[in-house]
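Notes to accompany the following structure.
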Amino acid sequence: MFMTDALRRSLRCALSCPARSLAGLAGRWLVLGVETSCDDTGAAVVDEEGTVLGESLHSQKDVHLKTGGIIPVVAQKLHQENIARVVQDALDRSGVVPGDLSAVATTVKPGLALSLRVGLEYSLSFVHKHKKSFIPVHHMEAHALTVRMIQPVPFPFLVLLVSGGHGLLAMARGVDDFLLLGRALDEAPGDTLDKVARRLSLQSQPEWAVCSGGQALECAARAGDRSRFCFTLPMAQRYDCHLSFAGLRNQVTRAIEMKEEEEGVRPGEVLSCAGDIAAATQHAVAAHLANRTHRAILFSKTSGLLPQNGATLVVSGGVASNQYIRHTLKMVTDATGLQLICPPPELCTDNGVMIAWNGIERLREEKGVLTHGQHVVYEPKAPFGTDITQQVKEAAIKLPQLKLDTRP
Ligand code: KG4
Ligand code: ZN
2 MFMTDALRRS LRCALSCPAR SLAGLAGRWL VLGVETSCDD TGAAVVDEEG
52 TVLGESLHSQ KDVHLKTGGI IPVVAQKLHQ ENIARVVQDA LDRSGVVPGD
102 LSAVATTVKP GLALSLRVGL EYSLSFVHKH KKSFIPVHHM EAHALTVRMI
152 QPVPFPFLVL LVSGGHGLLA MARGVDDFLL LGRALDEAPG DTLDKVARRL
202 SLQSQPEWAV CSGGQALECA ARAGDRSRFC FTLPMAQRYD CHLSFAGLRN
252 QVTRAIEMKE EEEGVRPGEV LSCAGDIAAA TQHAVAAHLA NRTHRAILFS
302 KTSGLLPQNG ATLVVSGGVA SNQYIRHTLK MVTDATGLQL ICPPPELCTD
352 NGVMIAWNGI ERLREEKGVL THGQHVVYEP KAPFGTDITQ QVKEAAIKLP
402 QLKLDTRP
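Last residue of the sequence shown: 409 (my numbering), numbering continuous.
Shown next as structure tokens:
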């Protein structure tokens, strides 16, 4: 189901090898990927077999954590300060010189305008200098296809992307062919988990101080009893595949406020029932994702978008590391006969590797490869695939009962 140990080892080895002889690389496609759409400056060199020859990533998360969110001009400045070094590190680690590259692939949409601009301007001057082809990449398409770098998942497959910035359900039909079945209408699931974790002051506990909010919440939930709080699932009466978490977060916040008053807890202190609230929140998020995914599977099968047998659900994004959520989704795929695949966490998050891999996929199919001198712009807002969410809504598929309360 998940990546085999052998694959994981070979990926780790490729990620950690500082340099590789170029002798064996002659004639192979090599793509430099550049990612700056949000708060990570990433670069990587990947070959056509999906081997990561060299990678470098500079995360701005610590800086943005202090200001309580991403300030675009700060993100831009940090990208500007780091991009040349990050790209050079990736090249040095790969042992590849610019002349050996087949192309440069760079995220140009969607994302923060000022951040996208840094990556695009740097990449365009790089391809101009070294006379390389340029491949503009859609960030979400790259996320959706990353799994194919480690496993030959054939098209079509269903994909659920869940992270701090994304929430969507889509059908991947080809390298540049996606159908959007549902998207996050208010906030992304990781954002919700981060905010609840912060509200519960979980990261004030030394053991969770360095965890992301989602990780801290998952750990706290292990010791909790989710049945002590019952949160209504979002949009239970809307028979589509959209995601919504803001209403759930309001419910959780109200429950926390009530308990804080009851327990006389001051800000920064942790409630005695924090684990129970974490468990109930995690369950509600998992159940909501499972329900929407279940409907997406049934819709895709009945409309002939997915084969009746042997279909795959790929779950990616930071939230996909959550074992409880994975386990809940596995119950859905088991009940519907799908295979569940989650790429390893290091490939679920933003990085240059997934962008480089998208470049390889596009080179192979000769799709969206620009020759030297073609005009390119960045697009902060960009649609993802063909939007068929209205069709999904009109199908109004009611879900058969599926018990989703077993612990992993
Ligand atoms: O994909 P990602 O690294 O970055 C972007 O959002 O672009 O995802 C980060 C998100 C954060 O919201 C974090 O809290 C969440 O993924 N996350 C988790 C877990 N690990 C990370 N959420 C739930 N359970 C986890 N174990
Ligand atoms: Zn992303």
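Using N, Cα and C, we set each Cβ at its ideal position, and we do this for glycine too.
Counting only the same chain and skipping the five closest in sequence on each side, list residues whose C-beta sits under 6 Å from that of residue i.
i      : result
Glu366 : Val176
Gln252 : Phe232
His65  : Asp40, Ile71
Met236 : Ser245
Met4   : Here the model assigns Met4 a pLDDT of 37, short of 50, so the residue's position is not dependable, and the following value carries that caveat. Contacts found: Ile151, Pro345.
Asn323 : Glu219
Using a threshold of 8 Å, state whether the C-beta atoms of residue i and residue j are closer than that.
i      : j      : result
Gly183 : Leu244 : yes
Leu339 : Leu161 : no
Thr108 : His140 : yes
Leu272 : Glu264 : yes
Gly120 : His59  : no
Ile136 : Leu371 : yes
Leu194 : Gly214 : yes
Gly241 : Val138 : According to the sequence displayed, residue 241 carries Asp and not Gly. Taking 8 Å as the Cβ cut-off, Asp241 and Val138 do not qualify as a contacting pair.
Ala91  : Leu33  : yes
Glu36  : Asp351 : yes
Ile298 : Phe230 : no
Ser38  : His144 : no
Leu203 : Ala275 : yes
Counting only the same chain and skipping the five closest in sequence on each side, list residues whose C-beta sits under 7 Å from that of residue i.
i      : result
Phe156 : Ala173, Arg174, Gly175
Arg9   : The predicted model places Arg9 with a pLDDT of 37, which falls under 50 and marks its position as unreliable; any figure quoted below should be read in that light. The answer, listed in chain order, is Pro345.
Arg250 : Thr193, Lys196, Val197
Asp388 : Leu181
Taking C-alpha atoms, which residue in the options lies nearest to residue i?
i      : options                        : result
Glu49  : Tyr379, Glu258, Arg363, Leu201 : Arg363
Ala224 : Pro137, Ala104, Ala281, Gly269 : Ala281
Arg29  : Val97, Gly69, Ile356, Leu170   : Val97
Thr334 : Thr303, Ala291, Met236         : Ala291
Ser95  : Val53, Lys132, Met332          : Val53
Val47  : Ala396, Gly353, Gln375, Leu169 : Gly353
His295 : Ile278, Leu403, Val378, Ser124 : Leu403
Phe452 : Glu270, Ala185, Ala297         : Absent from the structure is residue 452, since the part of the chain shown begins at 2 and ends at 409.
Glu122 : Lys331, Gly360, Gln238, His376 : His376
Gln391 : Lys133, Leu348, Arg239         : Arg239
Leu234 : Pro268, Arg293, Cys274         : Arg293
Ser301 : Pro401, Leu203, Ala396         : Ala396
Between residue i and the rest of its own chain, which residues show a CB-CB distance below 8 Å, the 5 nearest in sequence each way excluded?
i      : result
Pro381 : Lys110, Pro111, Gly112, Leu113, Ala114, Leu117
Ser124 : Val35, Val105, Thr107, Phe135
Between residue i and residue j, which are expected to be in contact by the criterion C-beta below 8 Å, what is the C-beta distance as a whole number of angstroms?
i      : j      : result
Ala412 : Ser57  : A question about residue 412 goes unanswered here, because the residues of the chain that appear run from 2 up to 409.
Ala288 : Thr254 : Not confirmed; about 19 Å, so no contact.
Ala171 : Leu181 : 5 Å
Ala321 : Cys343 : 5 Å
Thr42  : Val87  : 5 Å
- Ignoring anything shorter than 3 residues or poking outside the segment 118-166, list the beta strand (DSSP E) runs there in chain order. 134-139, 158-163
- Task: Enumerate, from N- to C-terminal direction, the unbroken alpha helix (DSSP H) stretches of 4 or more residues contained entirely within the segment 224-300.
- Result: 247-264
- Only counting runs of 4 or more residues, tell me where the alpha helix (DSSP H) segments fall wholly within the segment 172-202, in order along the chain. 190-200
- Query: Quick one: complete beta strand (DSSP E) runs, 3+ long, within the segment 37-61?
  - Reply: 41-48, 53-60
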